[in-house]
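Structure first, commentary second.
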Amino acid sequence: MTRFNDKVAVVTGGGGGIGSAICRRLAEEGAIVIVTDMNAEAAGTVAKAICDAGRSAFSISADISDGRACASLVDQVIREHGRIDVLVNNAGINRRGNLLSLSEEDWHTSFAVNLDSMFYLCRATIPHMISAGGGAIVNTASQWGLYPAPNHIAYNVTKAAVAAFTQNLARDYAPDKIRVNAVCPGEIHTPMLEAGVNRSGRTIADLDKLVPFGRIGKPEEVAALVAFLASDEAAFICGSLVEITGAQAVA
Ligand SMILES: NC(=O)c1ccc[n+]([C@@H]2O[C@H](COP(=O)([O-])OP(=O)(O)OC[C@H]3O[C@@H](n4cnc5c(N)ncnc54)[C@H](O)[C@@H]3O)[C@@H](O)[C@H]2O)c1
């Protein structure tokens, strides 16, 4: 498929489980992919593997909880590639705890990484998309932002805010032909999920049983949805929160 031929796509958290799958998918479909992550080594490894497969990718390491780092990331991409057609705000962290057990630091860090980064990156990117006549933004929210899981107040609230942020941006910038949507994944097999499973003493098989489809999801399945939403095939989809849960959200 060539849905992203010559398009420039920036993917945050591109060194992680879902992010790396998104980078590979967009590159396979012709995009020049900017793999960005605070883990420089992971971002570099993903970009190199894409290049080794004959596709186009570059890595930039940045801590996107920092507004200046976000502005300079976007400046660098514009300087080196001239445009940003697709922005995938995928990086995120999952700090466990309820109102009383969560630390104040974890509350603020969760907002900084999961939400503020989107504010900074969209503010820096949208003017370029407006000048170019449009663009596509896909944000990673979560099933838990719509239907809270217990004992994850910071994660759930930041992801609910990502959903609201997505709808607000869509409403404001649809007239500029910028489509903004969010994906809301359920349990997806990644390093983040593995860490959560290890902390809780459960197994992947335990999680599989919670999903009516019979198994948890794969990063590549989320990547396929992100690619669709970012592509021209989704031309009239704007302001949508798309669940990808194997029916767990309705169980
Ligand atoms: N795995 C799941 O079950 C699941 C479910 C719903 C939503 N999500 C969301 O999907 C997204 C990707 O999650 P994943 O499971 O692939 O996790 P992951 O831990 O594998 O990847 C997250 C990546 O984000 C990067 N990152 C974290 N903080 C950063 C920062 N300050 N600056 C730059 N990069 C930073 C990490 O280095 C990591 O590479 C997250 O937003 C997560 O909340 C995951």
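The opening position of the sequence shown corresponds to residue 23 in the numbering used here, with each subsequent residue numbered one higher. Using N, Cα and C, we set each Cβ at its ideal position, and we do this for glycine too. Remember, predicted model here, so these are calculated numbers, not experimental data.
Between the options, which lies nearest to residue i when the distance is taken from Cα to Cα?
{"i": "ARG201", "options": "LEU263, CYS73, TYR142", "result": "LEU263"}
{"i": "HIS174", "options": "THR58, ARG118, VAL33", "result": "ARG118"}
{"i": "GLY89", "options": "ASP128, ALA65, ASP138", "result": "ASP138"}
{"i": "VAL68", "options": "ILE86, LEU48, SER87, ASP85", "result": "LEU48"}
{"i": "ALA183", "options": "GLY167, PRO197, ARG193, ALA171", "result": "GLY167"}
{"i": "ALA273", "options": "PHE258, LEU109, ALA154, GLY236", "result": "GLY236"}
{"i": "ALA75", "options": "ASP85, GLU51, ALA84", "result": "GLU51"}
{"i": "ALA252", "options": "GLY36, GLN270, ILE44", "result": "ILE44"}
{"i": "PHE133", "options": "ASP107, ILE86, VAL99", "result": "ILE86"}
{"i": "THR131", "options": "ALA176, SER78, VAL55, GLY261", "result": "ALA176"}
{"i": "PRO149", "options": "ASP128, GLY38, TYR195, GLU63", "result": "TYR195"}
{"i": "LEU109", "options": "ILE159, GLU255, ARG193, GLU209", "result": "ILE159"}
{"i": "GLY268", "options": "ASN61, CYS260, LEU232, ASP128", "result": "LEU232"}
{"i": "MET214", "options": "GLN270, ILE56, ILE226, GLU265", "result": "ILE226"}
{"i": "LEU229", "options": "ALA217, GLU242, GLU209", "result": "GLU209"}
{"i": "GLY157", "options": "THR24, GLY39, MET23, CYS260", "result": "CYS260"}
{"i": "VAL205", "options": "ILE266, GLY114, ILE100, LYS70", "result": "ILE266"}
Identify the continuous alpha helix (DSSP H) that holds residue i and give its terminal residues.
{"i": "ASN178", "result": "175 to 195"}
{"i": "ILE210", "result": "Premise fails: ILE210 is in no alpha helix (DSSP H) and is neither H nor E."}
{"i": "VAL96", "result": "89 to 103"}
{"i": "GLN165", "result": "165 to 168"}
{"i": "ALA227", "result": "226 to 232"}
Considering only DSSP beta bridges, list what residue i is partnered with.
{"i": "PRO241", "result": "Its beta-bridge partners do not exist; DSSP assigns none."}
{"i": "VAL135", "result": "Paired residues: none, contrary to the question."}
{"i": "ILE82", "result": "THR58"}
{"i": "ASN120", "result": "ASN120 pairs with nothing; no bridge assigned."}
{"i": "LEU109", "result": "VAL32, ILE159"}
Along the beta strand (DSSP E) that carries residue i, what are the first and last residues, could you check?
{"i": "PRO213", "result": "PRO213 -> not in any beta strand (DSSP E); alpha helix (DSSP H) instead, spanning 213 to 222."}
{"i": "PHE204", "result": "The question names Phe, but residue 204 is Ala in the sequence shown. It spans 200 to 207 - the beta strand (DSSP E) in which ALA204 sits, taken as one unbroken run."}
{"i": "ALA49", "result": "ALA49 -> not in any beta strand (DSSP E); alpha helix (DSSP H) instead, spanning 39 to 50."}
{"i": "GLU265", "result": "263 to 266"}
{"i": "VAL160", "result": "157 to 162"}
{"i": "ALA31", "result": "30 to 34"}
Cutting at 6 Å between CB atoms, please list the residues of its own chain near residue i, excluding the five before and the five after it.
{"i": "VAL96", "result": "ALA146, THR147"}
{"i": "ALA53", "result": "PHE26, LYS29, ALA31"}
{"i": "GLY41", "result": "VAL33, GLY35, ASN112"}
{"i": "GLY37", "result": "ASP59, ASN61, ALA64, ALA65, VAL68"}
{"i": "TYR142", "result": "GLY89, CYS92"}
Here's a check: name, in chain order, each residue in its chain whose Cβ is nearer than 8 Å to the Cβ of residue i, leaving out the five neighbours to either side.
{"i": "ASN178", "result": "SER164, TRP166, GLY167, PRO170, ALA171"}
{"i": "GLN98", "result": "ILE82"}
{"i": "ILE72", "result": "CYS45, ARG46, ALA49, VAL55, VAL57, SER78, ALA79"}
Within the same chain, show all residues whose beta-carbon is closer than 7 Å to that of residue i, passing over the 5 residues directly before and after it, in chain order.
{"i": "MET140", "result": "ASN111, ASN161, VAL184, PHE187"}
{"i": "GLY155", "result": "LYS199"}
{"i": "THR180", "result": "SER132, PHE133, ASN136, LEU137"}
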